[in-house]
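> Below you'll find the structure I mean.
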Amino acid sequence: MADHTRAHLLAAIDLSGLARAHGNHPFGALLTDPAGNVLLTAENTVLIDRDVTAHAELNLVRQASRTLDPAQLTEATLYSSTEPCAMCAGAIYWSGIRRVVYALSAPQLNVIAGADPDEPVLDLPCRKVFAAGGNTVEVSGPDLFEEAAAVHAGYWAQPTED
């Protein structure tokens, strides 16, 4: 893994820690230009915004779509602390962002969170969502399991509003 990729993934993981500290689910994401400069950052705000769609990646895509031109989006890389869910992957696809790098996979998160086998889980990897659009999004991950998992330690055992 390139040094800049590692640094950006660690920054996304740090954002997930901030989201947790701010009273939200521990997820973070950031967007870089081709030179590796950070353009935008976002945290999960599901709980404080009382909005089930306020995932870090979707918050980032909304912000990016409003502030960057399409060429910037196409050339950008989205780094996420965790694999984007199907909803976020759809938004990433439609935004024109063509590269995604994530730390923790969805199956890894489900194990950490102690997903209840009787509860429904939308098991649709981001690679499958992107493949449905013709594989126009390059995906790299999972990487940095220990660092990404540490932010979730003890979180999912706590009662939350959602």
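Residue numbers for the sequence shown, in this note's numbering: 15 to 176. Ideal placement from N, C-alpha and C gives every residue a C-beta, glycine not left out. Every value quoted in this text rests on a predicted model; they were computed, and no experiment measured them.
1. Which parts of the stretch 100-155 are runs of the beta strand (DSSP E), unbroken and 3 residues or longer, counting only runs that do not cross its ends?
2. Drop a sphere of 10 angstroms on the beta-carbon of Asp176, count the other beta-carbons inside from all chains shown, and report buried for 16 or more, exposed for fewer.
3. Taking the alpha helix (DSSP H) that Thr81 belongs to, which residues open and close that run?
4. Please report the straight-line C-alpha distance between Ser30 and Gln122, rounded to a whole angstrom.
5. Along the chain, where does the alpha helix (DSSP H) containing Glu97 start, and where does it finish?
6. Could you say which of Ile111, Pro139 and Tyr93 lies nearest to Asp28 if we only look at CA atoms?
For this structure:
1. 113-118 and 152-154
2. Translated into the one-based positions of the sequence shown, residue 176 becomes position 162. Here Asp176 scores only 48 on pLDDT, less than 50, and its place in the model is too uncertain to base an answer on.
3. The count along the sequence shown starts at 1 and reaches residue 81 at position 67. Run containing Thr81: Ala70 to Thr81, per the alpha helix (DSSP H) assignment.
4. Indexing the sequence shown from 1 puts residue 30 at position 16. Indexing the sequence shown from 1 puts residue 122 at position 108. Going by the C-alpha atoms only, they are around 16 Å apart.
5. Start at 1 with the first residue of the sequence shown, and residue 97 comes out as number 83. No alpha helix (DSSP H) contains Glu97, which DSSP labels as neither H nor E.
6. Along the sequence shown, read from residue 1 onward, the residue named residue 28 stands at position 14. Put simply, of Ile111, Pro139 and Tyr93 the residue whose alpha carbon is nearest the alpha carbon of Asp28 is Tyr93.
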